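So for the sequence shown, full-length UniProt numbering puts the first residue at 1; every next one is plus one. Quick notes on the structure that follows.
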Amino acid sequence: MLCFFFLAEDEEDEGSSITSQKIKIVAEKAAIDLSKPICSETSKRSNVCEAVGDIRLQGSSHTILLHPNIKEWTMKPFPIGEPPPRCTVNHTVPALVFSIGGFTGNLFHDFTDVIVPLFISSYQFRGEVQFVVADIKPWWLSDYDIIDANNEEDREALGVDPSKTPTGYSIVDFKAMLRKAYGLERPTAAPSGDPWDIRRKPRMLIISRKKTRAFLNERGMTDMAMSLGFDVRVAEPDATTDLAKFARLVNSADVMIGVHGAGLTNMVFLPAGAVLIQVVPMGGLDWVARDTFKKPSPDMQLKYMDYRIQADESTLSDEYPADHPVLKDPYSIHKQGWNALSKTYLDNQNVRPHLGRLRNALMDALKHLPHGRKEA
């Protein structure tokens, strides 16, 4: 049984033990009722509940016991009923209880389902917080050891709404935290002042994929971009990728391009002013592209562009006749549900962008970068 005794900031801890019979909790006077947890639906992906007082966690039964008193209580033995479980470990810092189960392990869901909500809830404590984690994985960090709760006896998907955070911090603060954590050098997309530095060229990072939604003409894309003056890098992140190393590569880029997928979540490491180009597979997937990566871009101070794949740029045109519903009426596939949509347009499609069309898109991207602007 874990016990957390968190006092308001203006309280003085007189050293009384949480296990003593007499417990006094003095809460700040406020309009809210501290006798019960305060819960808010922060987004469709996560809900946040806040409680103050004597909080007891019993991980083995997935139970949280709350004793938030605003006056003196004298605890006396009572012969009827079960007494509350005894504390085995005491803590005097706030506890943040969360699960890292579900779809974690996919970079997009790592951020949208866990890391961003965790940032929103815990950033205010500046490390003075105890994480209590269900479905524990070893790659979480805190100033305190992580507690594995399982083994103990509308916000945007990639966004932070400042109005719903304790002190008004935003996704810009989240990116600043990531830059500090990973030692990223570039807060903004700007060319190097050294005339001999390759960084005077704009760098384009191609997010490569091999299994699904792969670029089939990656070499041609690279050569064409180099002809426009880009320093081109190609990388394929996966579950074994060193995230710190990959974050530095992304931060070095001025333009990042990739087919819709988890790899584009690395946009959080791009410097402000960089350009994100999302290649949208054919199949009526504009709404998916919009909700996942287009909407968060402005708040991240990124210029967003998309490149919509046409039928003759998709391998689906090799598999189906021109009058097949997969090509002619994608929404008839949508009506069959997410599984049918995903299997057809996400799992079984590769792309071959027209180099002429892509060239025009990259020339537009250059116009948004300091590298592509002529001095006045």
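Yeah, the Cβ is synthetic: ideal placement off N, Cα and C, and Gly gets one too. A quick note: this is a predicted structure, and the numbers were derived from the prediction, not measured.
Against chain B, with Cβ distances strictly below 8 Å, would residue i count as a contact?
i           : result
residue 204 : Absent here is chain B; the protein component of the structure consists of one chain.
At the level of alpha carbons, what is the spacing between residue i and residue j?
i           : j           : result
residue 315 : residue 285 : 16 Å
residue 351 : residue 366 : 23 Å
residue 335 : residue 319 : 21 Å
residue 228 : residue 113 : 38 Å
residue 325 : residue 282 : 12 Å
residue 28  : residue 53  : For residue 28, the predicted structure reports a pLDDT of 37, less than 50, and the residue's modelled location is therefore unreliable. The matter cannot be settled from this model.
residue 300 : residue 332 : 35 Å
residue 185 : residue 88  : 45 Å
residue 363 : residue 349 : 27 Å
residue 273 : residue 127 : 29 Å
residue 288 : residue 328 : 19 Å
residue 117 : residue 295 : 17 Å
residue 188 : residue 65  : 47 Å
residue 231 : residue 125 : 41 Å
residue 214 : residue 346 : 10 Å
residue 31  : residue 305 : Because the pLDDT at residue 31 is just 41, under 50, the model does not fix this residue reliably, and the value given afterwards should be weighed accordingly. Taking the straight line joining both Cα atoms gives about 46 Å.
residue 353 : residue 212 : 15 Å
residue 57  : residue 134 : 12 Å
residue 201 : residue 312 : 33 Å
residue 180 : residue 244 : 11 Å
residue 233 : residue 239 : 20 Å
residue 356 : residue 39  : 52 Å
residue 251 : residue 266 : 9 Å
residue 293 : residue 90  : 42 Å
residue 132 : residue 168 : 25 Å
residue 270 : residue 246 : 11 Å
residue 371 : residue 323 : 45 Å
residue 280 : residue 317 : 16 Å
residue 160 : residue 302 : 15 Å
The alpha helix (DSSP H) with residue i in it runs from where to where?
i           : result
residue 356 : 355-367
residue 328 : 325-328
residue 122 : 116-122
residue 340 : 338-341
According to DSSP, is residue i part of a helix, a strand, or is it coil?
i           : result
residue 257 : strand
residue 348 : coil
residue 370 : helix
residue 267 : helix
residue 309 : coil
residue 304 : strand
residue 21  : Per-residue confidence for residue 21 stands at a pLDDT of 34, beneath the threshold of 50, marking its modelled position as unreliable; no derived number is given.
residue 248 : helix
residue 11  : Legend: pLDDT at residue 11 = 41, less than 50; position of this residue unreliable, no value from coordinates given.
residue 314 : strand
residue 285 : coil
residue 262 : helix
residue 439 : Residue 439 is absent from the model: the chain starts at 1 and stops at 376.
residue 172 : helix
residue 63  : strand
residue 140 : Low confidence applies to residue 140: its pLDDT is 46, below 50, so where it sits in the model is not reliable, and the reading given next is rough at best. Correct three-state label for residue 140: coil.
With distance defined between alpha-carbon atoms, name the residue in the options nearest to residue i.
i           : options               : result
residue 121 : 95, 260 and 110       : 95
residue 248 : 182, 257, 287 and 189 : 182
residue 369 : 204, 259, 299 and 356 : 204
residue 55  : 92, 39 and 48         : 92
residue 171 : 327, 298 and 330      : 298
residue 359 : 307, 259, 178 and 251 : 307
residue 174 : 268, 57, 310 and 302  : 268
residue 275 : 264, 178 and 255      : 255
residue 241 : 216, 207, 116 and 201 : 207
residue 209 : 237, 115 and 280      : 237
residue 343 : 98, 168, 330 and 355  : 330
residue 98  : 212, 50 and 86        : 50
residue 176 : 220, 110 and 123      : 123
residue 361 : 225, 252 and 244      : 225
residue 111 : 132, 259 and 264      : 264
Considering residue i, what are the terminal residues of the beta strand (DSSP E) in which it resides?
i           : result
residue 99  : 95-99
residue 50  : 48-50
residue 134 : 130-134
residue 279 : 275-280
Closer than 7 Å: is that where the CB of residue i sits relative to any heavy atom of the ligand ZN?
i           : result
residue 201 : Only the bare structure without any ligand can be found here, which leaves the ligand ZN out of the picture.
| Fully enclosed by the stretch 174-235, which alpha helix (DSSP H) runs are 4 residues long or longer? | 218-227
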